[in-house]
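*Asks:* Dropping a structure here in structure tokens format, bear with me for questions.
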Amino acid sequence: MKARPDGLSDRDVEAALATGWNINARVEYLPVGAGSYHWRAAAPALFVTVDDLDHKPFLGDGPDDVFEALRRALETTAALRRGGLEFVVAPIEGRDGAVLWRITRRYAVAVYPYLGEPRPFKKTLTGDERAAFRVMLARLHATSVGKLARVVRPEVPLRRELEMALDAPPLAANAPLIRGWLDRFDQLVRYLDASDVPLVVTHGEPHSGNIVRTAGGFVLVDWDTVGLAPRERDLWLVGGGDLQLCELYRLRWRLDDLSWAVSMLHDDPDGALTALRASIDHEPFTRD
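Whatever position you read off the sequence shown (first residue = 1), add 628 for our numbering.
Written out as structure tokens, the structure is:
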């Protein structure tokens with residue numbers, strides 16, 4: 629995120645580190661990533677993430693529900709790491725064993741190992757990244773964490789906002805196309821519900837922005853979307869699996885991008901229009 633969070637200063641983040649983790653360190657804001665705010669902490673070097681609980685609709689309807697869902701996701705991530713998945717970059721436990729610390733009603737902080745300078749985000753996978761993903765995902769999908777992971781249904785959290793925007797500019801000209809995608813999405817959800825496909829632990833967003841090459845090999849970051857789902861929730865990005873279920877999750881991503889862009893039309897009209905055009909013209913993660 630390039631813009632800093634409203635009402636949250638570096639000193640607030642430093643205070644959270646001291647209170648929650650007994651870490652006294654200066655922090656530097658990093659204008660990188662999407663969906664969360666990031667800082668680098670010095671001495672020791674750590675990667676600090678703050679999530680805005682008002683802006684994660686895929687995790688719940690309000691800040692309290694979102695906090696609990698995010699806490700559960702990070703606890704699942706920590707369990708995966710303890711269970712032997714060394715490629716899982718898990719949060720560092722705080723002084724009371726918690727992996728997530730709530731700063732205010734709106735914000736929550738987590739702390740991770742620092743993996744080096746953030747790199748520019750590219751949408752298409754390299755051959756090495758795709759091969760590494762397949763190996764990691766096969767191991768992940770074969771792992772059990774009991775009842776810790778939540779079940780993740782294929783949904784478009786901001787669907788109502790998207791549907792309400794279809795009859796006015798800038799989407800009116802493409803309304804028939806988008807309504808067709810929504811109808812197809814519903815059809816594929818019914819296909820999933822009628823199947824007996826097993827639910828496995830999935831990452832949810834195994835794209836090139838969430839794979840990092842370290843001295844010890846590739847690792848996978850950003851686990852707030854972890855949950856039980858068909859393996860195609862991950863495989864549509866790297867290949868394999870049931871073709872209709874891969875189509876379902878690919879289409880869900882496209883509709884989610886569209887609806888998120890609609891929600892940003894007021895605050896960032898230029899950026900939202902660019903995102904809308906890209907999501908209409910191209911399938912997700914097909915070009916940089």
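Each residue gets a CB set at the ideal place from its N, CA and C atoms; glycine is no exception.
All figures in this text were calculated on a predicted structure; none of them were measured in a lab.
Could you check what DSSP says for residue 782 in three-state terms: helix, strand or coil?
*Replies:* Looking at residue 782 - three-state DSSP - the assignment turns out to be coil, as it is neither helix nor strand.
*Asks:* Just how far apart, CA to CA, sit residue 862 and residue 834?
*Replies:* Each residue's Cα considered, the two are about 6 Å apart.
*Asks:* Taking the CB atoms as reference points, tell me whether residue 828 and residue 910 lie closer together than 7 Å.
*Replies:* No, Cβ-Cβ distance for residue 828 and residue 910 is not below 7 Å.
*Asks:* With a threshold of 8 Å on Cβ separation, who are the neighbours of residue 809 within its own chain once the five nearest residues in sequence on each side are excluded?
*Replies:* Excluding positions up to five away in sequence, the list reads 879, 882, 883.
*Asks:* When you compare only the Cα positions, how much space is there between residue 844 and residue 887?
*Replies:* When rounded, the distance between both Cα atoms is 38 Å.
*Asks:* Can you tell me whether residue 677 is helix, strand or coil according to DSSP?
*Replies:* Residue state, collapsed to three classes: strand.
*Asks:* Report all residues from its chain with a CB closer than 7 Å to the CB of residue 650; omit the five preceding and five following residues, and keep chain order.
*Replies:* Contacts found: 723.
*Asks:* Would you kindly check if the distance between the Cβ of residue 677 and the Cβ of residue 736 is under 7 Å?
*Replies:* No, they are not a contact pair.
*Asks:* What does a CB cutoff of less than 7 Å around residue 798 pick up in its chain, not counting 5 residues either side in sequence?
*Replies:* Only 901, 904 meet the Cβ criterion.
*Asks:* Please say whether residue 858 and residue 873 have beta carbons closer to each other than 7 Å?
*Replies:* Closer than 7 Å, so yes.
*Asks:* Considering only residues of the same chain and omitting the five flanking positions on each side of residue 669, which have a CB-CB separation below 6 Å?
*Replies:* Here the set comprises 653, 655, 676.
*Asks:* On the DSSP bridge assignment, give the partners of residue 730 in chain order.
*Replies:* Its beta-bridge partners are 736.
*Asks:* Considering Cα atoms alone, identify which of 680, 667, 660, 805 is closest to residue 852.
*Replies:* If we check each option's Cα against that of residue 852, 680 comes out closest.
*Asks:* Taking DSSP's pairing of strands, which residues face residue 656 in a bridge?
*Replies:* Note: residue 656 sits in a beta bridge opposite 668.
*Asks:* What is the DSSP secondary structure of residue 688, counted as helix, strand or coil?
*Replies:* Coil, per DSSP.
*Asks:* Just the Cα atoms here: how many angstroms apart are residue 703 and residue 775?
*Replies:* So the two alpha carbons sit approximately 12 Å from each other.
*Asks:* Leaving out five residues before and five after residue 898 in sequence, what residues of the same chain have Cβ atoms less than 7 Å from its Cβ?
*Replies:* If we look at residue 898 and ignore the five residues flanking it on each side, it has no Cβ neighbours.
*Asks:* Tell me the rounded alpha-carbon separation between residue 876 and residue 697.
*Replies:* Spanning the two alpha carbons is a distance of roughly 23 Å.
*Asks:* Buried or exposed, going by whether 16 or more other CB atoms sit within 10 Å of the CB of residue 734?
*Replies:* Flag for residue 734 reads buried.
*Asks:* Report yes if the CB atom of residue 741 is closer than 7 Å to the CB atom of residue 660, and no otherwise.
*Replies:* The answer is no: Cβ separation not under 7 Å.
*Asks:* Going by alpha carbons, who is nearest to residue 866 out of 795, 785, 764?
*Replies:* Closest option to residue 866, Cα to Cα, is 764.
*Asks:* Report yes if the CB atom of residue 817 is closer than 7 Å to the CB atom of residue 782, and no otherwise.
*Replies:* Closer than 7 Å, so yes.
*Asks:* Under 7 Å between the Cβ atoms of residue 718 and residue 730?
*Replies:* Contact flag unset, no.
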